[in-house]
Amino acid sequence: MISHADLGWQSLSPDIDSLVRLFRDAGIPTEVHNTLQGRAKLVTIDPGFWGKAAAVAAANRIRWCAVWGEHCPPQIHIFAALAGRDGHLLLETMVADRQAELPSQTPFFPAANRPERYLQDMFGVRFFDHPDKRRWIRHQAWQEGQYPLLKTFSLAGSPEDMTPPDCLYPFVPVEGEGVYEIPVGPVHAGIIEPGHFRFQAMGEDILSLEEHLGYVHKGIEKCAEGRDVRGLARLAGRVSGDSTVAHTWAACQACEAAVGITLPRRALAIRAILAERERIANHLGDIGACCNDVGFTFAQAQCSRLRELWQRQNSDVFGHRLLMDVVVPGGVSRDLDARQIEVLNKAIEQLRHELQDLLPLLYEYPSLQDRLRATGVLSLKKARSLGVLGFLARASGECWDLRRDAPYGPYDDMVITVPHTLEGDASGRLRIRGDEILVSLDLLEEMLKKLPSGEVRVEFPVVSGDCRGIGLVEGWRGEILAYVHLDAAGAVSRYFPRDPSWLNWPALEAMIEGVIVPDFPLCNKSVNGSYSGHDL
Amino acid sequence: MFDVLVKIFKTGCLTEKVPPPDQTVMELGSACQKEIARIFGKSLAIRMVDAGSCNGCELEMHALNNGFYDIERFGIHFVASPRHADLLLVTGPVARHMQAALKGTYDATPNPKLVIAMGDCGADGGEFGVSYASCGAVANVIPVDAVIRGCPPTPLQLMQGILELLRGR
Ligand code: SF4
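Read top to bottom, the protein sequences are chains H and V. Quick note on this note's numbering: the first sequence kicks off at 1 and runs consecutively. Quick note on this note's numbering: the second sequence kicks off at 1001 and runs consecutively.
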């Protein structure tokens, strides 16, 4: 295995204070603000420098994380999140809502492509030098020229009784003799979420894949407006059901930062216990499913068995098989007693024991590895340029992990091992996920052993004035970012959750060139982007 | 290969081993099987449609296929095409962007057909309700024969819900 130091990418990126200096050196006036709380530094810049700031950041190996907007009439505030060696920097700029125009960051960070088009569809922001002017999230449920996230647009909107299908999305055509097109979705063959994949193929080989997402856009951000923090936490837990703990944690972290409360260490430890359990459950399920996609049903039977046992324990100990609504603003809704800790420890020991049989077998089994190795390769270079996250990035040698790199309680006093490899193929991804389960089991054991005493929840205070916060949590798919703005009455005026899938979906397109059509399900599963988390 | 066999041998047959919960699974499953025999002949083919779910419901649907529930042994299986289906199991508030696809899937399913709206979202829109982007309940878009509430419903609640629907036929 290659050590973290060998890869060296992060250590080469500047810390965020230096980044701010680099902006100033490049002639970009910046103003540092403290109007937003959380583990990120906020600077405002003039809209004219939006593109230039991205150029400076890209030249200095900064990772691009997200862009989002907030309508504060008569302005739209635009935020971009950048990650440096020691944490996150938020850029903020304002444009007039009547003439919202901004330079694009996509020329410097390809990852910004779809998020900027999302802003275009939802706020009417025009990124004038954006290389791709097509709509992204808007299908036919609202008209061109209507922007759902403007405050003037009502939650109810003015939809027709029957929303027509989105048949005319302008896919990029591939021409040539023998090239044919395969449309797949939105309703897929298996038990999965809906989306559309357009393949251009020649014989068995895929020449290109284009994703068309947005089918499960259900207005989560608009739905959040006006809720209290408890209602927000429930909604956040349903942004992507498989990441309910991580999304709720990120949203609560943002709210808690905004109002400035500190949580008892016991509450943080239990949140992390929940998050690691969620990571394990998903990795187990997906390892089985990947093997199943190449016909190795043995692994599926074993992994789904282990996952079920894990989920049953979730229900016994925390009251919900997927752990929904256990994380609440101010802490968690469940405490652990000595007997429960013992039960949890026993299950950890058992699972580790089972995996000692199972994982080496899967990592080496010839007929399985024959299908996984060299399939769906995402190179380190590609992973970097797309800014991919989580296990997907770590399987390509790009090993960011917020638990280690921008730690939050309780991870801030733990040593976090981050498995990574340079292989970048389906086999590498499977192995990283297996190894991550083992790491999580160790973390669980450590946290249960050192579980601090005290409360598991503090009262969420009455909000005394308009406030904003940012939450950053490493979910099982990767970095989750949540932005929350509470008004003076304590109601949500803006919630933006950035699921890692935003950055990981484009990687599927990138890794699929030259792959044969029958291997697509495997590649897709080995990435397992969230449709719901992306479509919002 | 040897390792695989050893692991299979060590794991044993789950469907017989697990005590109390599996008893319920057996009872529910056998009851379903009886009703399926009465109404459909030998099997019940389900096509799932995610019309806007958060993916939580899908995870529990998957669980129905694991060794503990293994609903195929009761003649219930998930099929790839609505054209092969007796029952549509629909999740999510219906996203407006999925409205036409859901309608199309419903139309493609041969008569007689049954529709179950799964989860609180399918029942009434759940946390997402009705909005510019969501039609809310599945029943707002296609005729629904039964609703299985829960967020998400557990595999046992799903089996129970399917059984109740069949019993009422
Ligand atoms: S009912 Fe719950 S689990 Fe199912 S789709 Fe709705 S929010 Fe997700």
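Even for Gly, the Cβ is constructed at its ideal location relative to N, Cα and C.
Status (buried if at least 16 other CB within 10 Å, exposed otherwise) for residue i
i, result
"ASP15 (chain H)", "exposed"
"TYR180 (chain H)", "exposed"
"GLY203 (chain H)", "exposed"
"CYS1032 (chain V)", "buried"
"ILE182 (chain H)", "exposed"
"PRO1019 (chain V)", "Confidence at PRO1019 (chain V) is low in this model, with a pLDDT of 48, below 50, so its placement is unreliable and no value can be given for it."
"CYS290 (chain H)", "buried"
"CYS1151 (chain V)", "buried"
"ALA1101 (chain V)", "buried"
"ASN528 (chain H)", "buried"
"LEU1005 (chain V)", "exposed"
"ILE516 (chain H)", "exposed"
"CYS167 (chain H)", "exposed"
"PRO12 (chain H)", "First, the amino acid is wrong: residue 12 (chain H) is Leu here, not Pro. Result: exposed."
"PHE123 (chain H)", "buried"
CB contact check: residue i to chain H, cutoff 7 Å
i, result
"GLY1161 (chain V)", "no"
"MET1026 (chain V)", "no"
"ASN1174 (chain V)", "Look at the range of chain V in this structure, 1001 to 1169, and you will see that residue 1174 (chain V) is not part of it."
"VAL1144 (chain V)", "no"
"SER1131 (chain V)", "yes"
"SER1043 (chain V)", "no"
"ALA1085 (chain V)", "no"
"HIS1077 (chain V)", "no"
"GLU1016 (chain V)", "In this prediction, GLU1016 (chain V) has a pLDDT of 44, which is less than 50 and means its spatial position is unreliable; nothing more can be read from the coordinates."
"ALA1080 (chain V)", "yes"
"PHE1068 (chain V)", "yes"
7 Å Cβ cutoff, residue i in contact with chain V
i, result
"ARG238 (chain H)", "yes"
"VAL187 (chain H)", "yes"
"HIS71 (chain H)", "no"
"GLY529 (chain H)", "no"
"PRO183 (chain H)", "no"
"SER304 (chain H)", "yes"
"TRP142 (chain H)", "yes"
"GLU193 (chain H)", "yes"
"GLY241 (chain H)", "yes"
Assumed close pair residue i, residue j - CB separation to whole angstroms, cut-off 8 Å
i, j, result
"GLY1067 (chain V)", "ALA347 (chain H)", "Wrong, their Cβ atoms sit about 17 Å apart, outside the cutoff."
"ASP487 (chain H)", "GLY533 (chain H)", "Not a contact, Cβ separation roughly 26 Å."
"ASP293 (chain H)", "PRO521 (chain H)", "5 Å"
"ALA617 (chain H)", "LEU90 (chain H)", "Here chain H comprises residues numbered 1 to 536, so residue 617 (chain H) is not present and cannot be evaluated."
"THR421 (chain H)", "ILE437 (chain H)", "15 Å between Cβ atoms; not a contact."
"PRO107 (chain H)", "GLN140 (chain H)", "Contact doesn't hold; Cβ gap of about 30 Å is too wide."
"SER104 (chain H)", "PHE127 (chain H)", "4 Å"
"LEU362 (chain H)", "LEU368 (chain H)", "6 Å"
"HIS1077 (chain V)", "SER1043 (chain V)", "7 Å"
"LEU268 (chain H)", "PRO410 (chain H)", "4 Å"
Residue i beta carbon near the ligand SF4 (any heavy atom closer than 6 Å)
i, result
"GLY1119 (chain V)", "yes"
"SER1053 (chain V)", "yes"
"GLY1092 (chain V)", "yes"
"PRO1152 (chain V)", "yes"
"CYS1135 (chain V)", "no"
"GLY237 (chain H)", "no"
"GLY285 (chain H)", "no"
"GLY319 (chain H)", "no"
"CYS467 (chain H)", "no"
"GLY471 (chain H)", "no"
"CYS523 (chain H)", "no"
"GLY545 (chain H)", "A question about residue 545 (chain H) goes unanswered here, because the residues of chain H that appear run from 1 up to 536."
"GLY1126 (chain V)", "yes"
"CYS1057 (chain V)", "yes"
"GLY241 (chain H)", "yes"
Neighbour flag for residue i against chain B, beta carbons, 7 Å
i, result
"LYS1007 (chain V)", "The question asks about chain B, but that chain is absent: this structure's protein chains are H and V."
Output, in sequence order along the chain, the residues in the segment 146-162 of chain H whose CB is closer than 8 Å to any CB in chain V.
PRO148, PHE153, SER154, LEU155, ALA156, GLY157, SER158, PRO159 and MET162
Residues of the segment 1101-1127 of chain V with a CB closer than 7 Å to any CB of chain H: list them in chain order, please.
Under the 7 Å Cβ criterion, the segment 1101-1127 of chain V contributes ALA1101, THR1105 and GLU1127.
Residues in the segment 213-228 of chain H having any Cβ partner in chain V nearer than 9 Å:
GLY214, TYR215, VAL216, HIS217, LYS218, GLY219, ILE220, LYS222 and CYS223
Residues in the segment 356-378 of chain H having any Cβ partner in chain V nearer than 7 Å:
ASP357, LEU358 and LEU361
May I ask you to list, following chain order, the residues of the segment 335-347 of chain H that have a beta carbon less than 8 Å from some beta carbon of chain V?
none
So if I threshold CB-CB distances at 8 Å, which residues from the segment 165-178 of chain H count as touching chain V?
PRO165 and ASP166
Against chain V, which members of the segment 308-323 of chain H pass a CB distance test of less than 8 Å?
Flagged, chain order: GLU308, GLN311, ARG312, SER315, ARG321 and LEU322.
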